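Visitor:
Residue numbers (my numbering): 2 to 820.
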């Protein structure tokens with residue numbers, strides 16, 4: 002039977018018609034061939050979806066057919082990858098417009114969304130995530146067709162090759178990265194100061210970079226340099242601490258002392274000026290440099306005027322000859338770790354300040370109350386000389402008390418006649434407005450007095466009271482947090498008077514200290530006068546007021562039963578999860594016996610170094626905690642030990658519990674920092690940067706910096722380890738071990754000889770990483786120089802005295818550092 006013409010019905014597909022008219026098969030075949038549908042047009046799945054509707058639309062008038070489109074193949078990429086969506090559209094007529102739209106998944110910004118090729122950066126994710134995009138084409142007849150493509154994004158992974166352990170006198174970074182020296186000891190910060198001679202003859206550091214570069218933070222500047230711009234990655238202010246000094250290199254032949262045991266005024270003043278902080282403007286114009294002409298550049302040192310704020314301001318034990326009312330002070334000293342605020346200020350931490358004062362207990366105790374003796378002894382104000390002998394200077398101006406202030410012994414009739422209370426003016430968190438050189442730093446006494454090592458904020462969440470986490474860096478000291486009385490308001494982030502906002506959030510609140518319990522939970526114990534043992538009836542130290550509690554926070558923490566830790570140092574907060582990390586650098590002189598370990602400080606073992614046996618916890622560890630309800634206001638938390646420092650050769654069952662190998666073993670973690678959440682490094686699974694200050698591992702490698710992508714509290718298991726002491730005694734200790742990091746922890750940098758790697762921050766976009774190298778060659782002197790860094794970083798430099806310095810690390814392809 003002959004088939005009917007095309008206009009008639011047929012349930013067959015055989016080409017049996019004798020008519021010259023096109024059959025349905027011919028029409029479909031021609032259209033498929035012309036549009037190359039299978040190769041460049043509709044996908045098979047799309048064709049199946051059209052079904053009979055596609056066929057019903059066919060007619061002799063092919064110009065009425067909708068465009069043929071293809072959104073391209075599905076693909077899988079990693080977070081941070083540059084993705085191009087490439088669509089094709091054909092039609093017998095004219096394609097009037099095309100458009101890409103995202104139809105599901107984590108929202109991204111599409112560039113070129115109205116072209117055939119749209120691009121975006123794969124977002125940060127913590128697990129495989131699918132994003133679906135639709136490509137639409139419209140022809141000149143108003144007919145549209147669409148197709149979709151799916152992009153699966155996996156979490157960003159550390160991709161650089163681990164740097165090998167080494168003892169080279171240089172900064173070593175992975176292949177594909179470059180290092181430049183930005184700001185070194187003695188560098189001028191203004192145009193009038195001559196270049197640094199680096200031979201000990203430079204007379205002053207008032208307008209030069211100080212020594213012992215430590216914690217730093219980058220504050221963005223507006224393009225014209227006139228104000229704050231948190232997003233600017235090309236121009237900003239670096240604020241950094243100068244913790245201490247290499248005194249042997251600051252003078253031509255080291256420090257001098259006269260026949261009477263006195264130090265020269267010029268040398269001592271120069272040493273004081275080399276302490277404190279720098280605020281310097283930096284910019285990237287064909288390489289990073291310091292803008293020496295900036296009006297924002299300044300040095301803060303132990304003689305800079307300061308103001309006391311909070312509950313302790315004006316207390317009797319704050320009054321001195323310089324400040325009779327106890328509200329004014331001079332300077333800041335031994336500044337180590339740091340913190341920042343959401344309103345654009347810097348927080349610097351006064352650490353080992355006690356050693357700068359002379360107070361010989363054999364002389365001074367008889368002139369003190371029993372309570373005062375207890376307090377000064379607990380804080381270590383017991384030196385008979387004081388650091389560097391500044392107190393011995395006989396100044397040219399008899400009225401100048403810049404040197405006599407370091408004498409904390411009772412010498413006058415009243416506290417306002419001498420400096421018996423001067424030590425009480427140190428050990429605080431100090432807030433600085435980097436954008437206002439005229440604003441005096443404010444010491445925030447509500448956050449307590451101790452050997453402060455870090456003051457890192459919680460996430461700032463609207464309607465929640467922010468918290469600040471602080472370590473107290475000595476063996477057997479504690480972890481603290483301060484919870485503000487004020488509820489966070491995002492409008493305060495942009496206030497013009499930044500220190501006034503600091504008054505709001507930092508001058509009133511509750512100081513807590515941590516107790517880590519054996520079951521993996523913990524409690525924040527409030528340090529509030531009148532509660533429990535913090536009262537006048539305390540037999541060891543009778544507290545008289547909240548000011549007394551805060552000034553003597555260590556004694557208060559003792560009284561409430563906080564957990565002594567193995568040197569609690571830097572704190573860092575995961576900007577995504579809110580979890581808090583704390584470095585416990587080491588305890589290689591453990592005062593407690595083997596049965597004095599606990600779940601949070603669980604190891605007692607030997608890691609011999611060239612000097613001999615090294616019992617206790619010589620390699621340190623990193624503990625982390627998660628607040629109950631993920632709230633900064635919580636009074637309870639859960640915890641585990643994220644990483645145990647160890648050499649890869651140490652026993653895996655009881656010492657190298659984190660399974661470290663040659664690519665990531667380390668000892669004595671110190672500096673700690675999560676990448677900023679303004680770039681991929683701080684999103685998804687944020688990068689955690691770990692810096693070391695070690696003496697147990699330095700026979701195998703110089704100090705180092707590693708980068709990690711941690712999991713979460715509880716991702717590991719409970720474990721029981723066997724400890725051993727020098728007598729051969731063994732004892733079991735239970736603890737909580739985080740998941741072994743594997744390749745999610747790698748060595749990124751090794752520093753020069755005898756240095757500490759400390760201080761790290763980045764530009765907001767993550768393409769430039771600022772790192773401080775502290776005290777290279779610290780064991781040498783002018784007659785025996787043990788490091789030539791940084792003069793040798795680019796080759797050469799033989800014979801140069803070493804200098805602490807800030808370096809800038811960039812990726813050669815311009816990408817985010819760490820990936």
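Glycine is no exception: its CB is placed at the ideal position from the N, C-alpha and C atoms. Since the model is a prediction, treat every value here as computed from it, not as a measurement.
Going straight from the alpha carbon of residue 728 to that of residue 214, what length do you get?
Guide: Residue 728 and residue 214: Cα-Cα distance of roughly 41 Å.
Visitor: For the 8 Å Cβ check, are there 3 or more pairs between the segment 461-468 and the segment 324-334?
Guide: Cβ pair count under 8 Å is below three, so no.
Visitor: With a cut-off of 8 Å on the beta carbons, I'd call residue 623 and residue 643 a contact; round off their distance for me.
Guide: Correct: roughly 5 Å between the Cβ atoms.
Visitor: Let's see if you can read the secondary structure: which residues bound the alpha helix (DSSP H) around residue 502?
Guide: Residues 499-507.
Visitor: What's the gap between the Cα of residue 1 and the Cα of residue 374?
Guide: Here the chain comprises residues numbered 2 to 820, so residue 1 is not present and cannot be evaluated.
Visitor: Do you know how far the Cα of residue 129 is from the Cα of residue 120?
Guide: Those two C-alpha atoms are separated by around 20 Å.
Visitor: Pull up the CB-CB distance for residue 682 and residue 817, whole angstroms please, since I reckon it's below 8 Å.
Guide: Their Cβ separation, rounded to whole angstroms, is 5 Å, which keeps residue 682 and residue 817 in contact under 8 Å.
Visitor: In whole angstroms, what is the alpha-carbon distance linking residue 674 and residue 398?
Guide: If you take the alpha carbons of residue 674 and residue 398, they lie about 45 Å apart.
Visitor: Suppose the cutoff is 7 Å on Cβ atoms and the five residues either side in sequence are ignored; what does the same chain contact list for residue 249 look like?
Guide: These residues qualify, in order along the chain: 255, 782 and 783.
Visitor: Along the chain, which unbroken stretches of the beta strand (DSSP E) at least 3 residues long are found entirely within the segment 466-496?
Guide: As far as the segment 466-496 is concerned, its whole beta strand (DSSP E) runs of at least 3 residues are 468-473, 476-478 and 480-485.
Visitor: Going by the DSSP bridge assignment, what does residue 770 pair with across the sheet?
Guide: DSSP output for residue 770 lists 763 and 810 as bridge partner(s).
Visitor: Please say whether residue 651 and residue 716 have beta carbons closer to each other than 9 Å?
Guide: No, Cβ-Cβ distance for residue 716 and residue 651 is not below 9 Å.
Visitor: Going by Cα to Cα distance, which pick from 563, 388 and 437 is closest to residue 228?
Guide: It is 437 whose Cα lies nearest to the Cα of residue 228.
Visitor: Excluding the five sequence neighbours on either side, which residues of its own chain have a C-beta within less than 7 Å of the C-beta of residue 293, listed in chain order?
Guide: Counting only Cβ-Cβ distances below 7 Å, and skipping sequence neighbours, we find 189, 190, 191 and 192.
Visitor: Which of the three DSSP states, helix, strand or coil, is assigned to residue 640?
Guide: DSSP places residue 640 in strand when its eight states are reduced to three.
Visitor: Helix, strand or coil for residue 800, going by three-state DSSP, please let me know.
Guide: Note: residue 800 maps to coil in three-state DSSP.
Visitor: Roughly how many whole angstroms lie between the Cα atoms of residue 620 and residue 699?
Guide: Each residue's alpha carbon lies about 11 Å from the other.
Visitor: On a Cα-Cα basis, can you pick out the residue from 350, 414, 563 and 766 that is closest to residue 678?
Guide: Cα-wise, what sits closest to residue 678 is 766.
Visitor: Beta-carbon within less than 6 Å of residue 553's beta-carbon, same chain only, minus the 5 sequence neighbours each way: which residues are those?
Guide: Excluding sequence neighbours, residue 553 sits near 376.
Visitor: Ends of the alpha helix (DSSP H) at residue 719?
Guide: Where residue 719 is concerned, there is no enclosing alpha helix (DSSP H), although the beta strand (DSSP E) it sits in stretches over 718-725.
Visitor: Tell me which same chain residues have a C-beta within less than 6 Å of the C-beta of residue 543, skipping the five on either side of it?
Guide: If we look at residue 543 and ignore the five residues flanking it on each side, its Cβ neighbours are 537.
Visitor: So, are the CB atoms of residue 155 and residue 74 less than 9 Å apart?
Guide: Contact: no.
Visitor: Between the beta-carbon of residue 149 and the beta-carbon of residue 126, is there less than 9 Å?
Guide: No, Cβ-Cβ distance for residue 149 and residue 126 is not below 9 Å.
Visitor: Could you tell me whether the segment 743-751 touches the segment 198-217, where touching means 3 or more Cβ pairs closer than 8 Å?
Guide: Too few Cβ pairs lie closer than 8 Å, so no.
Visitor: Below 8 Å on the Cβ atoms is my guess for residue 561 versus residue 626; work out the distance and round it to an integer in Å.
Guide: That belief does not hold up - the Cβ atoms of residue 561 and residue 626 are roughly 18 Å apart, past 8 Å.
Visitor: On the DSSP bridge list, what partners appear for residue 868?
Guide: Nothing can be reported for residue 868: it is not among the residues displayed for the chain, which extend from 2 to 820.
Visitor: To which residues does DSSP link residue 527 through a beta bridge?
Guide: Note: residue 527 sits in a beta bridge opposite 513.
Visitor: If you scan the segment 682-713 from start to end, which runs of the beta strand (DSSP E) of 3 or more residues do you find wholly inside it?
Guide: You should have 689-693 and 705-709.
Visitor: Which complete beta strand (DSSP E) runs does the segment 550-633 hold, if anything under 3 residues is left out?
Guide: Correct list: 569-574, 581-585 and 622-628.
Visitor: If you draw a straight line from the alpha carbon of residue 575 to that of residue 405, how long is it in whole angstroms?
Guide: Distance between the alpha carbons of residue 575 and residue 405 is about 44 Å.
Visitor: Which parts of the segment 346-419 are runs of the alpha helix (DSSP H), unbroken and 4 residues or longer, counting only runs that do not cross its ends?
Guide: Segments of the alpha helix (DSSP H) lying fully in the segment 346-419: 362-365 and 371-379.
Visitor: With a cut-off of 8 Å, do at least 3 Cβ pairs link the segment 236-253 to the segment 334-351?
Guide: Judged by Cβ distances under 8 Å, the segment 236-253 makes contact with the segment 334-351, as three or more pairs qualify.
Visitor: Could you tell me which of 668, 106 and 285 sits nearest to residue 166, measuring between CA atoms?
Guide: It is 668.
Visitor: Can you determine whether any heavy atom of the ligand NAD sits closer than 8 Å to the C-beta of residue 148, and answer yes or no?
Guide: The ligand NAD is absent from the structure shown, which contains no ligands of any kind.
Visitor: Provide the residue span of the alpha helix (DSSP H) that contains residue 269, from first to last.
Guide: Residue 269 -> alpha helix (DSSP H) spans 266-274.
Visitor: Closer than 6 Å by C-beta to residue 50: which residues in its own chain qualify, once you throw out the five before and the five after it? Chain order, please.
Guide: In this prediction, residue 50 scores a pLDDT of 32, lower than 50, which makes its location untrustworthy; the coordinate-derived value is nonetheless stated afterwards. Counting only Cβ-Cβ distances below 6 Å, and skipping sequence neighbours, we find nothing.
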